[in-house]
């Protein structure tokens, strides 16, 4: 799907106004199309309305499809934030900005309690001439003015608060200045601790100097360079931590001309270690990541990488041996996570198996009234240990099952995903999931048949003189061919299960829990996504699971024997009715749903607790997300990012720019 078609679908989805057989967007429609809901927490609705004014080129109070496409094209430009600002200030549309236009637009969009800007200052005259002059700013000249305007506002605000001209201001006044020009960039933690800058140097009398203010401002303005230097220094450090000396040393090596002053380095390290966790002055990449608001990202599509993966050192060497090590690492963690998930729900699985294997009154056998009755009788007759009969083979089978299922789904999805647009259709997601389900049967069918026979042994021992058999005896008795008895039914169950589960899981994470570059899912959200996705997958594949169970359990004397899937289906329907196909359905939901949720959650926790040194975390992201390529919405997440970035220059003037409106004259 091309970019134009994406715009058309987005426009059609939100446009609610119809005039003369043509659809338009009103203000609410426009914001719903371009702004994620969570953005209104820090950037107010009125500020995004500035973009609506730019999109509504004819000032007719509605945005047509042509207007919407032009606006989207504008956002895709690398200098979009400057063009957006220029169009707002160029109220007459002449392509030039006069002194009066600049003054009126800036004044009318500044909050009423902001420190008044001195439009008669020498700095502005250098750009725009005298008040009565004829010089008009072109787009290029205006862009240069905007870049320096923030620094001039900072100087004027400091002068406003430093009435005695002592060269110092109070911590709360410093906080006010920085919030005015940089609140939208800073993390909440740094904002809360801004006044602590007065503690950085002894002898300041708990005040903050102009040098401190300028140094802090320089750090924020050059934060991209700061990050590049820090990443390089951390990468070269043996323990992935650096000191101020390390930072300054790498900064000198990274650039010919740009250098950071000692005061700027002090400020960087002060706010990175503001929580006081490292008193030795050695900080990690994670510490420095606390400075900025994490919502501000590069406006290009990025692969979402878990936080723990981002803080690991970059892989320094590749090759076959490294790939083997990384795959073994992921396989091991997947095995442990799968074992934990299987153990947590195994009693439910045992109850489910016995309920599905139970024949109706027609064949003269009804041991359990329902799943709860089965649970009670297992404990009464076989003890608590009976609930975990057959767990061994199950744990052995979990490792290849989970590893293969996740890997195949990931591989097939990557092959079916459109490389240009990042789109994968829903039916392709189902094909990938179905392929993953089919691949696991090779390993899981033999282990399942052993597990099931061990699970039903307890009830057989209580009702006959049949001796208990070990897993090894069952394997020898069945042979290679016997271990794959019911494999067709296993395919009939696992292929649709995975075809339902993996797309449901991916869409739940993306559309319900809003996973993306700006939102990493919490443990509870991962657990819920995995559990909810397993519910429909488990219930709708119960008939296939019932048939598989009947085929894999050895029929006792007096019980109906089955020769295949169709034979089992017809005999079950004839002897026990349609409801028999959903025996153990609730138990299957209660087993499969939490098992997948627990497995993926434990997998995430293991990656955090035992990171692979030098690993890049790709396997973790693939397994946890059950997908290698994000869906179109995730790939196109740079849409909202571009929208937010388009306001950057205006927010640099004041983080409340656009909120205030001058009263309308009567």
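In our numbering, the protein residues as written are 11 to 676. Each residue gets a CB set at the ideal place from its N, CA and C atoms; glycine is no exception. Quick caveat: nothing in here was measured; it's all calculated off a predicted structure.
My output table needs one value for residue 251: the three-state DSSP class, helix, strand or coil.
Looking at residue 251 - three-state DSSP - the assignment turns out to be strand.
Is any heavy atom in the ligand SAM found nearer than 7 Å to the beta carbon of residue 220?
As for the ligand SAM, it is missing from this structure, which has no ligand bound.
Can you have a look at residue 368 and say buried or exposed, based on whether 16 or more other CB atoms are within 10 angstroms of its CB?
Here residue 368 is buried: its Cβ has 16 or more other Cβ atoms, across all protein chains shown, within 10 Å.
Cβ-Cβ distance between residue 226 and residue 240 below 8 Å
Result no, Cβ atoms of residue 226 and residue 240 do not sit closer than 8 Å.
Distance, Cα to Cα, residue 108 vs residue 667?
For residue 108 and residue 667, the gap between their C-alpha atoms comes out near 20 Å.
Could you spell out the range, first to last residue, of the beta strand (DSSP E) harbouring residue 29?
Per DSSP, the continuous beta strand (DSSP E) segment holding residue 29 begins and ends at 27-29.
Measuring only the C-alpha atoms, how far is residue 631 from residue 542?
Bear in mind that the predicted position of residue 631 carries a pLDDT of just 43, short of 50, making it too unreliable to give a figure here.
Round the Cβ separation of residue 4 and residue 551 to the nearest angstrom and send it over; I've been treating them as touching at under 8 Å.
Residue numbering for the chain in the displayed model covers 11 to 676; residue 4 lies beyond these limits and cannot be assessed.
Collapsed DSSP secondary structure at residue 292 in the structure displayed:
Residue 292: coil per DSSP, three-state reduction.
State buried or exposed for residue 229, treating a residue as buried only when at least 16 other CB atoms are found within 10 Å of its CB.
Counting Cβ neighbours within 10 Å, residue 229 comes out buried, since at least 16 surround it.
Can you find the residues in the same chain that come closer than 8 Å, C-beta to C-beta, to residue 106, ignoring five residues on each side of it along the sequence?
Excluding sequence neighbours, residue 106 sits near 100, 146, 147 and 148.
Tell me, please, whether the region 202-210 touches the region 147-161 by the rule of three or more beta-carbon pairs shorter than 8 Å.
Short answer: they don't touch.
Please identify the residue among 120, 14 and 19 whose C-alpha is closest to the C-alpha of residue 57.
Residue 120 holds the alpha-carbon nearest to the alpha-carbon of residue 57 among 120, 14 and 19.
For the 8 Å Cβ check, are there 3 or more pairs between the region 242-249 and the region 211-223?
Not touching, per the Cβ criterion.
For residue 443, I'd like the list of residues in its chain whose CB is within less than 8 Å of its CB, leaving aside the five on either flank, ordered along the chain.
Only 419, 508, 509, 510, 511, 512 and 513 meet the Cβ criterion.
Out of 95, 92 and 36, which one is the CA nearest neighbour of residue 69?
Comparing Cα-Cα distances from residue 69 to each of 95, 92 and 36, the minimum goes to 36.
Just to check my reading of the structure: residue 592 and residue 553 have Cβ atoms closer than 8 Å, yes? What is that Cβ distance to the nearest angstrom?
Indeed they touch by this definition, with Cβ atoms about 7 Å apart.
Under 8 Å between C-beta atoms of residue 406 and residue 360:
For the 8 Å CB-CB criterion, residue 406 and residue 360 do not form a contact.
Can you tell me whether residue 194 is buried or exposed, with buried defined as 16 or more other CB within 10 angstroms of its CB?
Residue 194 sits buried, since 16 or more C-beta atoms from the chains shown fall within 10 Å of its C-beta.
Go ahead and pull the three-state DSSP assignment for residue 219.
The three-state reading of DSSP puts residue 219 in strand, counting E and B together.
At the 8 Å Cβ level, is residue 197 part of the contact set with chain B, yes or no?
You won't find chain B in this structure, because it holds only one protein chain.
Strand pairing of residue 33, partner residues [DSSP]:
Note: residue 33 sits in a beta bridge opposite 28.
Answer yes if the region 83-98 comes into contact with the region 656-666, meaning at least three C-beta pairs across the two stretches below 8 Å, and no otherwise.
The region 656-666, when compared against the region 83-98, does touch it at the 8 Å Cβ threshold.
Put residue 73 into one of helix, strand or coil per three-state DSSP.
Three-state DSSP puts residue 73 in a strand.
Where does residue 178 sit, in a helix, a strand or coil, going by DSSP?
DSSP places residue 178 in strand when its eight states are reduced to three.
Report buried or exposed for residue 34, applying the criterion of at least 16 other Cβ atoms within 10 angstroms of its Cβ.
Classification of residue 34: buried, given that the 10 Å Cβ count is 16 or more.
Same chain, Cβ closer than 7 Å to residue 362, neighbours up to 5 away in sequence not counted:
Contacts found: 594, 597, 598 and 601.
Figure out for me which residue from 250, 179 and 199 has the closest Cα to the Cα of residue 216.
With distances taken between Cα atoms, residue 216 lies closest to 179.
Please tell me whether residue 401 and residue 339 are closer than 8 Å, where the distance is taken between their beta carbons.
Result no, Cβ atoms of residue 401 and residue 339 do not sit closer than 8 Å.
Can you grab the Cα-Cα spacing for the pair residue 190 / residue 200, in whole Å?
Going by the C-alpha atoms only, they are around 14 Å apart.
Work out the CA separation of residue 617 and residue 169 for me, nearest whole Å.
When rounded, the distance between both Cα atoms is 51 Å.
Considering only their Cβ atoms, is the gap separating residue 411 from residue 385 smaller than 8 Å?
No, they are not a contact pair.
Reduced DSSP secondary structure (H/G/I, E/B, other) of residue 107
Three-state DSSP puts residue 107 in a strand.
Sufficient close CB pairs (3 or more, under 8 Å) joining the region 455-467 to the region 483-490
The region 455-467, when compared against the region 483-490, does touch it at the 8 Å Cβ threshold.
Straight-line gap, residue 535 to residue 335 (C-alpha atoms, nearest Å):
Taking the straight line joining both Cα atoms gives about 30 Å.
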